[in-house]
Amino acid sequence: VAKLTNIAVIVVAADDSVMPQTVESIGHAKAAGVPIIIAITKIDKPGKNIEQIKQDLAKYEVIPEDWG
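Under the numbering used here, the residue at position 7 of the sequence shown is numbered 75, and the numbers go up by one with no gaps.
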């Protein structure tokens, strides 16, 4: 089986947080065994909660580097 992906970049909007398609993408990346980078967009919008996004991602075993 050929491996087509070396890394997965998953985009999460700060005003939406983790959505079902985010969870699906995380699952595909984990199944492929590739490193995951999360890019958070819209961080300048009111109502964002970056820490909540990190907590939501942790539920799917995607741990932010700044958490150690």
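Cβ atoms here follow ideal geometry from the backbone N, Cα and C, with glycine treated the same way.
Judged by beta-carbon spacing, residue 116 lies beyond the 9 Å limit of residue 122, meaning their Cβ atoms are not closer than that value. Per DSSP, reduced to three states, the secondary structure at residue 97 is helical. Within the same chain, and ignoring the five residues on either side of residue 129 in sequence, no residue has its Cβ closer than 6 Å to its Cβ. Contact between residue 78 and residue 104 is confirmed by a C-beta separation of about 6 Å, below the 8 Å threshold. Rounded to whole angstroms, residue 101 and residue 82 show a C-alpha spacing of 26 Å.
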